[in-house]
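Below is one structure, written out as structure tokens; the observations come after it.
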Amino acid sequence: MMNTTRCTTLVAFFVSIGLLLVGCSPATDIPEVQGTEPGQAHSPEELQQALEEFAEGRSGARILSDHQLRDSIPAAEAWLSELEVNPEECGLSLTSSLGQQLEHASMAALQLGDSFITLASYPDAGQLAASFEAEEQRSERCARYTVLRDGQHVAFHLAAQGLQTEARKSAAHVLTSSDGSAASQQVMVKAANGNVMITINQPLDKESRSEQFASLSEQVNDLLEVLG
């Protein structure tokens with residue numbers, strides 16, 4: 016199976032908060048935004064503080080700062096460069112480095128058991144909202160795709176799920192991956208509110224699926240509250 020270690024988790028994070036803003040591929044058209052919507056941007060310290068408050072009382076919590084995440088960018092770029100995706104439009108078009116794409120963003124992340132929670136803040140809330148919509152359209156076109164890495168083929172199926180949160184925009188998907196001998200399922204949640212993007216990634220709990228999604232919705236709302 017494809018490795019689901021911290022490296023791939025960080026790659027998923029950078030894809031969701033960085034490549035989201037450039038549409039991920041030439042085939043994704045980002046809607047034109049008239050003017051800008053500055054909103055309230057958050058500093059790296061504010062994002063980290065919000066995650067620390069959210070994680071208070073939870074055992075095993077590990078915070079990754081903006082600096083630590085940026086130090087991981089070269090490894091994420093190297094990992095992404097080794098992937099071959101079919102259909103090609105479902106792959107990643109790195110027209111500029113992740114570091115350049117995230118130059119004006121603030122970031123922080125929280126590892127909590129099998130759950131990986133991230134916060135990212137951008138200077139333009141309008142562009143973030145438009146990019147969110149464009150990426151959702153792309154997800155519909157790329158519900159099924161395959162990835163080749165190190166001679167290993169892995170098939171992916173992306174299934175949209177219902178999710179209600181207090182964020183202006185939110186979405187949830189279950190990503191099923193299989194190499195023909197074994198399969199795994201991951202829940203991916205993202206929410207955009209003003210200048211902030213929230214992402215949550217964790218394994219699917221098949222036994223308590225409805226409770227898991229209710230908990231994810233609550234987590235997004237709690238994060239919005241601590242962000243203020």
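Residue numbers (my numbering): 16 to 243. Ideal Cβ placement from N, Cα and C applies to all residues, glycine included. If you're wondering where the values come from, they're calculated on a predicted model, not measured in any experiment.
In the DSSP assignment, the residues bridged to T133 are A124, T214. The three-state secondary structure of Q142, taken from DSSP, is helix. Judged by beta-carbon spacing, S121 lies beyond the 8 angstroms limit of H82, meaning their Cβ atoms are not closer than that value.
Less than 8 angstroms divides the Cβ of L143 from the Cβ of M212. Along the segment 62-102, the beta strand (DSSP E) occurs as fully enclosed runs of 3 or more residues at 76-79, 99-101, listed in sequence order.
For V162, the pairing in a beta bridge is given by DSSP as V100, V169. E61 and R73 have their C-alpha atoms some 20 angstroms from each other.
Around R77, the same chain offers Q126 as residues with beta carbons nearer than 6 angstroms, after the five sequence neighbours per side are excluded. Cα atoms of A197 and G243: separation of roughly 42 angstroms, rounded to the nearest angstrom. A contact is defined here as three or more CB-CB pairs under 8 angstroms, and the segment 127-143 fails this definition with respect to the segment 152-161. For A158 against A182, the beta-carbon gap comes to about 23 angstroms, at or over 8 angstroms, which does not count as contact. The alpha carbon of F171 has as its nearest neighbour, out of A124, A186, A149, V202, the alpha carbon of V202. In this structure, DSSP gives L117 a state outside helix and strand, which the three-state scheme calls coil. Between T161 and N101, the beta carbon gap of about 5 angstroms places them in contact (Cβ cut-off 8 angstroms).
For the pair L173 and E99, the CB atoms are not nearer than the 8 angstroms cut-off.
Classified as exposed, Q167 has fewer than 16 neighbouring CB atoms from the shown chains inside 10 Å of its CB.
Between F228 and the set A186, N208, D194, N210, the nearest pair of CA atoms involves A186. The beta carbon of Q55 is closer than 7 angstroms to those of G209, N210 in its chain, skipping five residues each way along the sequence. Contact between L134 and L66 holds: their C-beta atoms lie close to 6 angstroms from each other, under 8 angstroms. By a beta-carbon distance limit of 8 angstroms, A124 contacts L84. Their separation comes to about 6 angstroms.
Sixteen is the threshold: since fewer than 16 other Cβ atoms of the shown chains lie within 10 Å of the Cβ of P89, the residue is exposed.
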